[in-house]
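Residue numbers (my numbering): 1 to 397.
What follows is one structure encoded as structure tokens, with my remarks underneath.
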Ligand SMILES: C[S@@+](CC[C@H](N)C(=O)[O-])C[C@H]1O[C@@H](n2cnc3c(N)ncnc32)[C@H](O)[C@@H]1O
């Protein structure tokens, strides 16, 4: 198998997905992102890769990407999920809808053999309105949108009320929320013929360009990432090339398995402790992104009183959650700085510890302020997941 298979890397962020592809023998012909801190990190870790910094929907930027990427065998990275919610609208005035149209245009111009996109699991349940609807049908669907908005507002308020005493969520509001959910369920059943699943539109739009698309949810922990991060992986292949997804290698230890066969074929999921324990007494090292977060005495006390498996906010909120050490972590999110609490130390995990939970190697250094680094880490596809996808893709090129 030849080395350095060319790949176009879009929405590349700091380069988590590309890191995995690089390790599997791919080389970027061009990378693109709009965000400068991510660009700086990417370039620091990949200094010879052509990078186009700017908005992919900008005509000049798009032209440059197509020019540099022409002839590439693979294209990785895809637009964020909001882009697909507009996928059925084809409203070029809406920037989110435009993102998907521009992506299609780039794929169609470069014509890679494969493209790989990743997204949140929520994409699978997303729907959009059909295109040709009469006024009465539109009215029905608008009722759903209005109820959805009311539901989101109430759910947000309920969440906030758990985090602060200043916001109260009354029993009446709880009842109203339940009523809205029931109404929504009924309305959705009655209007199911007026809406289409976003994934169906994605498949259809790519089929029009000669790409067959397969979609699967992969759990990062199954590929050696110390994190139970589930992501939707969308693979498109040109002219009927085979599509394969990687088989799980690491598995959750289950008593029902035959111990001998299990141990021989599949190592256990990697745990939080295995991934970061060597860093627990390390002093701060900014150049290694091992940076501590200072907090006031009150908050320190709250951290101290937070047991494993609970959040500082109580309950199961992801923010300031103290992850159990003997299993993979929950999904690493940027959480506006409300990152995980160390399982043993009464402090936040550092960006380096979170990068380890995302399976970044220690030589990968992030650029930017601490909060910008946390966004880059939380946004990234774990390199080890990227590597597993790239390895099977290679076989079919
Ligand atoms: C989920 S992150 C990608 C993470 C990346 N695949 C990785 O593994 O590290 C999405 C990225 O899309 C970029 N982005 C969003 N809108 C964009 C646009 N209009 N043009 C270019 N990049 C954009 C964001 O700056 C962000 O870095």
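For every residue, glycine included, the Cβ atom is placed at its ideal position computed from N, Cα and C.
Legend entry - Contact test: residue 361 Cβ vs ligand 1 heavy atom, cutoff 7 Å: Position 361 of the chain shown, counted from the start, is the residue given in the question as residue 361. No; taking the cut-off as 7 Å, the Cβ of residue 361 has no heavy atom of ligand 1 nearer than that.
Inset, instruction - Ignore the nearest five residues each way along the sequence and tell me which others in residue 144's own chain have a CB closer than 6 Å to its CB. - result: The count along the chain shown starts at 1 and reaches residue 144 at position 144. Excluding sequence neighbours, residue 144 sits near 187.
Inset, instruction - Return the CA-CA distance between residue 291 and residue 137, expressed in angstroms with no decimal places. - result: Sequence index remark: in the chain shown, residue 291 carries index 291 (1-based). Sequence index remark: in the chain shown, residue 137 carries index 137 (1-based). Taking the straight line joining both Cα atoms gives about 54 Å.
Legend entry - Three-state secondary structure (DSSP) of residue 349: Reading the chain shown from its first residue, position 349 is the one you call residue 349. Three-state result, residue 349: coil.
Inset, instruction - For residue 28, write down the residues that DSSP places opposite it in a beta bridge. - result: Taking the first residue of the chain shown as 1, we reach residue 28 at position 28. DSSP, once it has assigned bridges, lists 7 as partnering residue 28.
Inset, instruction - State buried or exposed for residue 217, treating a residue as buried only when at least 16 other CB atoms are found within 10 Å of its CB. - result: In the chain shown, counting from the first residue as 1, residue 217 sits at position 217. Classification of residue 217: exposed, given that the 10 Å Cβ count is below 16.
Inset, instruction - Using the Cα positions of residue 394 and residue 74, report the straight-line distance between them to the nearest angstrom. - result: As a working mapping, residue 394 is identified with position 394 in the chain shown. As a working mapping, residue 74 is identified with position 74 in the chain shown. The alpha-carbon atoms of residue 394 and residue 74 are separated by roughly 10 Å.
Legend entry - Where residue 5 falls, given that 16 or more other Cβ within 10 Å makes a residue buried: What you label residue 5 is simply residue 5 of the chain shown in a count that begins at 1. Looking at its Cβ environment, which holds 16 or more other Cβ atoms inside 10 Å, residue 5 is buried.
Inset, instruction - State the Cα-Cα distance for the pair residue 52 and residue 250, rounded to the nearest angstrom. - result: If you number the chain shown from 1, residue 52 lands on position 52. If you number the chain shown from 1, residue 250 lands on position 250. Cα to Cα, residue 52 sits roughly 36 Å from residue 250.
Legend entry - Nearest-angstrom Cα separation, counted from residue 67 out to residue 170: Indexing the chain shown from 1 puts residue 170 at position 170. Indexing the chain shown from 1 puts residue 67 at position 67. Each residue's Cα considered, the two are about 58 Å apart.
Legend entry - beta-carbon residue 35 near ligand 1 non-hydrogen atom, thresh 7 Å: For the purposes of this step, residue 35 is taken as the residue at position 35 of the chain shown. Yes, the beta carbon of residue 35 sits closer than 7 Å to at least one heavy atom of ligand 1.
Inset, instruction - Compute the minimum distance between the beta carbon of residue 38 and the heavy atoms of ligand 1, and state whether it is under 7 Å. - result: Walking along the chain shown from the start, residue 38 turns up at place 38. Answer for residue 38: yes, Cβ within range of ligand 1.
Legend entry - Other residues of its chain near residue 21: CB distance less than 7 Å, five sequence neighbours each side excluded: Mapped onto the chain shown, residue 21 falls at position 21. Excluding sequence neighbours, residue 21 sits near 7, 76, 386 and 390.
Legend entry - Close-in-space but distant-in-sequence residues of the same chain around residue 284 (CB under 7 Å, 5 per side omitted): To locate residue 284, count along the chain shown from 1; it is residue 284. The answer, listed in chain order, is 290, 291 and 292.
Inset, instruction - Using only the heavy atoms of ligand 2, determine whether one of them is closer than 7 Å to the beta carbon of residue 51. - result: Questions concerning ligand 2 fall outside what the structure shown contains, since the ligands it does hold are ligand 1.
Inset, instruction - From the DSSP output, in three-state form, read off residue 91 for me. - result: The residue labelled residue 91 in the question sits at position 91 within the chain shown. With a pLDDT of only 46 at residue 91, under 50, the local geometry of the prediction cannot be trusted, and no value is derived from it.
Inset, instruction - Answer yes or no: the CB of residue 380 versus the heavy atoms of ligand 1, is any distance below 7 Å? - result: Taking the chain shown and counting its residues from 1, the one referred to as residue 380 is at position 380. At least one heavy atom of ligand 1 is nearer than 7 Å to the Cβ of residue 380, so yes.
Legend entry - Heavy atom of ligand 1 within 7 Å of residue 57 beta-carbon: As a working mapping, residue 57 is identified with position 57 in the chain shown. Residue 57 Cβ: within cutoff of ligand 1.
Legend entry - Under the three-state DSSP convention, the category residue 227 falls into: Position 227 of the chain shown, counted from the start, is the residue given in the question as residue 227. Note: residue 227 maps to strand in three-state DSSP.
Inset, instruction - Kindly indicate which residue of 299, 28, 345 and 329 has the alpha-carbon position closest to the one of residue 272. - result: Position 272 of the chain shown, counted from the first residue, corresponds to residue 272. That would be 329, whose Cα lies nearest to the Cα of residue 272.
Inset, instruction - Pull up the distance between the alpha-carbon of residue 88 and that of residue 346, whole angstroms please. - result: Translated into the one-based positions of the chain shown, residue 88 becomes position 88. Translated into the one-based positions of the chain shown, residue 346 becomes position 346. Only weak support exists for where residue 88 lies, its pLDDT of 49 falling under 50; the coordinates are left without a value.
Legend entry - Exposure of residue 367, with buried meaning 16 or more beta-carbon neighbours within 10 Å: Taking the first residue of the chain shown as 1, we reach residue 367 at position 367. With 16 or more other Cβ atoms from the protein chains shown falling within 10 Å of its own Cβ, residue 367 counts as buried.
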